[in-house]
Amino acid sequence: MILRNAVTTASEVSFPMIVHRLTVDGKDYFLPDPVSELRAKILEAVKAGGGYVNIPPLRTGPGVDILFSPGMPVTWTQIDVGGEPEPAEDSPSMYRQFDGFDGL
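FYI, the numbering for the sequence shown is 6 to 109, going by my numbering.
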């Protein structure tokens with residue numbers, strides 16, 4: 006029995022991972038799932054007229070404290086990282102051949 010390269014690299018593993026992008030006043034912060042508790046803290050700070058909320062890091066570290074206030078532009082975006090690649094669409098336009106300029 007011969008065992009060949011039993012090590013699997015990260016690029017060979019396919020698993021879905023949702024990363025959330027929080028954009029605050031034009032700056033992006035990437036967050037792991039879940040974010041429901043963080044959303045509640047931000048909403049609470051805004052309703053109180055303003056307050057600091059700690060934005061955790063994507064991996065490790067202390068995060069960053071951001072002062073949230075009413076009227077501050079905040080956007081949430083979900084990004085699917087990893088997972089299965091989208092299959093290529095088979096459309097007739099992909100297989101058209103160039104016939105020249107005779108029809109012009």
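Note that CB positions come from ideal geometry on N, CA and C, so glycine has one too. No experiment lies behind these values; they were computed from the predicted model shown.
Under the DSSP assignment, residue 72 falls in the beta strand (DSSP E) whose first and last residues are 69 to 73. Between the region 20 to 34 and the region 51 to 59 there are fewer than three inter-stretch CB-CB distances shorter than 8 Å, so the stretches are not counted as touching. Taking 8 Å as the cut-off, the beta carbon of residue 75 is found no closer than this to the beta carbon of residue 68. A residue is called buried when at least 16 other Cβ atoms come within 10 angstroms of its Cβ; residue 71 meets this threshold and is buried.
Residue nearest to residue 65 within the set 30, 32 and 37 is 37 (criterion: CA-CA distance).
Under a 10 Å Cβ-count criterion, residue 58 is classified as buried, with 16 or more other Cβ atoms of the shown protein chains found around its own Cβ.
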